[in-house]
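Below you'll find the structure, written out as structure tokens, and then a few comments.
Residue numbers (the numbering used here), protein chains in the order written: chain A, 1149 to 1203; chain B, 26 to 319.
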């Protein structure tokens, strides 16, 4: 653990962290919103009456 | 560096507003983040620049992921432009350093670096021209997209065929030098290239507005990736401050992409005029700062 901490305080660790945090966050948040949208769409489709669906 | 809680809340709001712009137009918003963090929240300028770049990287990553299935991003075009762009940014930054070392001029009662003042003035004129052109174009034109781009008329082999411009053959050397010119302007003027990129992709390359906004996102991602490495090596990034910027940015991005998808090309270009004008206001503010606060 102290070795890992020391690594992230080194210049290379700093660069890696500065790249990993935004890219990781960006992917995670976009994936989360995708799931949220899919769920909302599924719920909307389930709420539609049978006759209201268009093939 | 630990800031008061108000700074983090302010960063959340700034991140959200910039995220909307990134989602709508594919601009990184660097030209807004830096002055907002510095002037409104009192974050030191070097940290504001470095942390702003981290936010742009995160939000553009989310934007590319969000748009991956829509078929709007032209990765081939982004890569061709980025090659020249990267070299251009380096060249522009060196030229600015050289210009600033030349002489200083009196502006109001103060002295200011001549090179920076002249380049800012030229940029302000260029941006006003872009805003007026786009505004007039969207006012008089009844079609959603402008006709063939200017580059389609240039005959200089080898050519590439890009789906985003309807398969029209485009000269690879022209595209590469265009990327270099864009990068040169970005490096020289010290603000993000997104403000010039979107109108250039639409009017010069002939891309549809929605494709241009999505492809611009990839170029912004590549540029901010390189800039994040440079700034973190220089110790300019503050990840604690980047967190609220990223959280706000990813929320704003969802709103921006939704608005973009529901808005017609012509209207989207008209809205973009206001973003360009915001950049002009900031440049005038910078010139004012030279005259009164230096």
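Note that the Cβ used here is the ideal one computed from N, Cα and C, for glycine as well.
Could you have a look at residue i and say whether DSSP puts it in helix, strand or coil?
i, result
"residue 295(B)", "helix"
"residue 244(B)", "helix"
"residue 251(B)", "helix"
"residue 66(B)", "coil"
"residue 27(B)", "coil"
"residue 303(B)", "helix"
"residue 273(B)", "helix"
"residue 1203(A)", "For residue 1203(A), the predicted structure reports a pLDDT of 45, less than 50, and the residue's modelled location is therefore unreliable. A value from the coordinates is still provided. Three-state result, residue 1203(A): coil."
"residue 259(B)", "coil"
"residue 1151(A)", "helix"
"residue 1158(A)", "coil"
"residue 288(B)", "coil"
"residue 313(B)", "helix"
"residue 218(B)", "coil"
"residue 1184(A)", "helix"
"residue 226(B)", "helix"
"residue 1194(A)", "helix"
So who's on the other strand from residue i, going by DSSP bridges?
i, result
"residue 10(B)", "Only positions 26 to 319 of chain B appear in the structure, and residue 10(B) is not among them; the question remains open."
"residue 186(B)", "194(B)"
Using a beta-carbon distance cut-off of less than 8 angstroms, what residues from the segment 1155 to 1171 of chain A approach chain B? 1159, 1162, 1163, 1165, 1166, 1167, 1169, 1170, 1171
With three or more C-beta pairs closer than 8 angstroms as the rule, is the segment 123 to 132 of chain B touching the segment 253 to 267 of chain B? no
Are the segment 286 to 300 of chain B and the segment 150 to 161 of chain B touching, with three or more C-beta to C-beta distances below 8 angstroms? yes
Below 8 angstroms between beta carbons is the criterion; list the residues of the segment 1171 to 1188 of chain A that meet it against any residue of chain B, in chain order. 1171, 1173, 1174, 1175, 1177, 1178, 1179, 1181, 1182
Which parts of the segment 114 to 180 of chain B are runs of the beta strand (DSSP E), unbroken and 3 residues or longer, counting only runs that do not cross its ends? 129 to 132, 135 to 138
Members of the segment 34 to 58 of chain B that neighbour chain A once the beta carbon cut-off is set at 8 angstroms: none
To be precise: take each residue of the segment 281 to 298 of chain B, compare its Cβ to all Cβ atoms of chain A, and keep it if any distance is under 7 angstroms. Which residues remain? none
Going along the chain, which residues of the segment 184 to 198 of chain B sit with their C-beta nearer than 9 angstroms to a C-beta in chain A? none
Any contact of the segment 186 to 200 of chain B with the segment 222 to 231 of chain B, i.e. 3+ C-beta pairs under 8 angstroms? yes
With a cut-off of 8 angstroms, do at least 3 Cβ pairs link the segment 219 to 227 of chain B to the segment 49 to 66 of chain B? yes
For the segment 240 to 258 of chain B, enumerate the residues whose C-beta is nearer than 8 angstroms to any C-beta of chain A, in chain order. 250, 253, 254, 256, 257, 258
If we require 4 or more residues per run, which alpha helix (DSSP H) segments fall completely within the segment 46 to 110 of chain B? 55 to 60, 70 to 92
So, do the segment 97 to 116 of chain B and the segment 198 to 212 of chain B have three or more beta carbon pairs nearer to each other than 8 angstroms? yes
Chain A contacts from the segment 268 to 282 of chain B (Cβ-Cβ distance under 7 angstroms): 271, 275, 279
Is there contact here, the segment 249 to 256 of chain B with the segment 77 to 94 of chain B, by at least three beta-carbon pairs under 8 angstroms? yes
Stretch-stretch touch, CB-based, cutoff 8 angstroms, three pairs: the segment 31 to 50 of chain B with the segment 272 to 279 of chain B: yes
Would you list, in chain order, the members of the segment 81 to 100 of chain B that have their beta-carbon closer than 7 angstroms to a beta-carbon of chain A? 82, 83, 84, 86, 87, 90, 91
Between the segment 238 to 245 of chain B and the segment 1170 to 1187 of chain A, do three or more beta carbon pairs fall short of 8 angstroms? no
Are three or more beta carbon pairs between the segment 276 to 292 of chain B and the segment 130 to 148 of chain B nearer than 8 angstroms? no
If you pair each beta-carbon of the segment 139 to 146 of chain B with each one of the segment 308 to 318 of chain B, do three or more pairs fall below 8 angstroms? yes
Quick one: which residues of the segment 117 to 129 of chain B get their C-beta closer than 9 angstroms to a C-beta of chain A? List them in chain order. none
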